[in-house]
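For the sequence shown, full-length UniProt numbering assigns the number 1 to the initial residue and increments by one for each residue that follows. C-beta: ideal position from N, C-alpha, C; glycine also. The next block holds one structure in the form of structure tokens; read it before the comments.
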Amino acid sequence: METGVTRGKVAPSLTKGSKSVKISILGLARIAIVIVTYNSAAVLAECLGALPEGSRGVDLTQVVVADNASQDESLHIAKEAGAQIVQTGRNAGYAAAINAGMATLDLDQVDGVMVLNPDCKMHPGALATLAGALQESGRGIVVPRLTKPDGTLQPSLRREPTVHGAFAEAVIGGTLSGRIGIFGEVITDPRHYEQAGPFVWATGAAMLIGADAIRQLGPWDESFLLYSEETEYALRAADQGWALWYEPEAVVEHIGGDSRTSPMLAALLMVNKVRLFRRRRGRIASAAYYLSIVLGQSVRAATGSRTARAALAALLFPSRRIRELPQ
């Protein structure tokens, strides 16, 4: 079900208004934005409010809020801002909402689509910087530098999931292993965030995807609900020849962090990591990866971590795994 403004139009508060045709003639990148919401009222207004400055220098053609049956004021905030609203009708997950938002777009009328969490605020000109980086041949996804609300770096870049990486994280922890070149999946060394370059995958909170890549790759994998869907999408893009590029000159503030405090989400995060690895690798490697993840969660559970205990239970007992997100 769709409500709000007419397809292809958004309120002047979010776009360039009557100048959009002139801007397109001048050759600026045509970008649409898809924002996924679920009870996001506390952060959505700031996200939408940052779009006019954040999209300065591009032709912002459409802003779509894809809502997963929010029970708060999210829909009201989106409507007041003039965004197009698409409702999934249930808490369908991140990938399903992205797909619902993408389905409203005419990809022939845009150069790229910015997928954005509602707890993100784009800095001025960030979208134009990302769009400029996307123009290089072979780049299908471009991601910005993510910062925490206090302005410090939020590690968002990732290495390919590997057995030795999972084992290193289990033994010495994610922060330390992330600083060692071939080990931790999360890249934590700040030096890697200073210069632009290609990476395997990145946090899905903010990413600009080229229209050609979207057409070739097809929909996001909805079976993951939350977590690992962006990993799967980036790895699938690489399989088909599309590079993921990191552009530090584009800055997006991101709050994030629910998986660190919610036992349910922490369990889903770990289960999905194992599921994705099994899809892409052989039985022996997958078994070793699973055992490494179990080891890591066991160590943390022994120290009293509630999230690790929940993750460990879900890893060991399939009946404890959630099949759908709470409404």
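- Ala308 is the residue among Ala308, Val186, Thr188 whose C-alpha sits nearest the C-alpha of Val271.
- Between Tyr233 and Leu208, the CB-CB gap reaches or exceeds 8 Å.
- Per the C-alpha coordinates, the member of Phe167, Pro144, Val163 positioned closest to Leu157 is Pro144.
- DSSP places Val63 in the strand class (E or B) of the three-state scheme.
- Put simply, the backbone Cα of Thr303 is about 13 Å away from that of Ala170.
- Taking Val86 as reference, the option from Leu75, Ala133, Ala95, Arg321 with the minimal CA-CA separation is Leu75.
- Membership of Arg279 in the alpha helix (DSSP H) is indicated by the continuous run 263 to 280.
- For Lys79, there is no enclosing beta strand (DSSP E); the residue is found in the alpha helix (DSSP H) stretching over 74 to 81.
- Nearest to Pro198 by C-alpha distance, out of Pro248, Pro161, Trp220, is Pro248.
- Taking a C-beta distance under 8 Å as the contact criterion, Met102 and Val34 qualify as a contact pair.
- DSSP places Ala131 in the uninterrupted alpha helix (DSSP H) bounded by 126 to 134.
- Distance from the CA of Gln109 to the CA of Leu315, rounded to the nearest whole angstrom, comes to 44 Å.
- Of all C-beta pairs linking the stretch 43 to 57 to the stretch 124 to 132, three or more are shorter than 8 Å, placing the two stretches in contact.
- Going by DSSP, Pro52 is part of the alpha helix (DSSP H) stretching over 51 to 54.
- For Arg215, the secondary structure class from DSSP, reduced to helix, strand or coil, is helix.
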